[in-house]
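Some notes on the structure that comes next.
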Amino acid sequence: MIVELLGREAGLTFECMHIVPGRGDCSRIHPHFHYIDVSVDGEFDDKRRIVHLYNLKAIIARLCSTFEDKILLADYPESIQKITDKQTHYNIEINNKYYLIPKSDIFRVNIPSLNIEDLAIYCIDQLIIDIKNDDAFASLNYIEVVLSEGHGQRGKIKKNLR
Ligand SMILES: [Zn+2]
């Protein structure tokens, strides 16, 4: 049996900004409105439930809050994006432009790019860490995450939990 949480309807959303290497519109600092849809497959428990939706929503909401209103930085190679640590700020050189941004406004995501593919992988891996740390999710077989970045664009990934 599969149970789904639809991010937009369930309030599992976040807004953040990023700069993507390259030319054109995406090379400027710009926002995205994201939402996360999550499906889980599992076995019924003695209360005829696959998953306690309150618990599942809570871990997704926590993940969303880590991104909320932040500027994302990924681990692009130095030849593409050079980040200099200035104690309270980061000096960022990308697309032949220079940004000086307070660290408090930045979320350095430990992924190789800010493409929707890598962001979706990051999201599912973070959720799996929480799921595996909580016996309430012990009956689940797999999880699927769909991360939308607006404009009808989304990344979808499924992973086994066993
Ligand atoms: Zn973008």
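Quick note on numbering: the numbering used here labels position 92 of the sequence shown as 85, and the sequence is numbered without any gaps.
Even glycine gets a Cβ: it sits at the ideal position worked out from N, Cα and C.
Residue i CB to nearest heavy atom of ligand 1 below 7 angstroms
| i | result |
| --- | --- |
| V138 | no |
| V13 | yes |
| H82 | no |
| H23 | yes |
| C19 | yes |
Test item: CB-CB of residue i and residue j under 8 angstroms
| i | j | result |
| --- | --- | --- |
| G0 | D30 | yes |
| G148 | F26 | no |
| L66 | I76 | yes |
| L112 | I122 | no |
Alpha-carbon to alpha-carbon, residue j and residue i
| i | j | result |
| --- | --- | --- |
| S20 | C9 | 15 angstroms |
| L107 | F100 | 12 angstroms |
| G15 | N88 | 6 angstroms |
| D78 | P70 | 16 angstroms |
Where the beta strand (DSSP E) containing residue i begins and where it ends
| i | result |
| --- | --- |
| L93 | 90 to 95 |
| G4 | Per DSSP, G4 belongs to no beta strand (DSSP E) and is neither H nor E. |
| D34 | 23 to 35 |
| E(-3) | -5 to -2 |
| E142 | First-last for E142: undefined, no H or E at that position. |
| N84 | 82 to 87 |
| D78 | 74 to 79 |
Span of the alpha helix (DSSP H) around residue i
| i | result |
| --- | --- |
| S58 | 46 to 60 |
| K125 | 109 to 125 |
Nonlocal neighbours in the same chain, by C-beta distance under 7 angstroms from residue i, ignoring five residues either side
| i | result |
| --- | --- |
| R155 | N134 |
Any non-hydrogen atom of ligand 2 closer than 7 angstroms to residue i Cβ
| i | result |
| --- | --- |
| A129 | As presented, the structure is devoid of ligand 2, carrying ligand 1 as its sole ligands. |
Close-in-space but distant-in-sequence residues of the same chain around residue i (CB under 6 angstroms, 5 per side omitted)
| i | result |
| --- | --- |
| F7 | H27, C57, F60, E61 |
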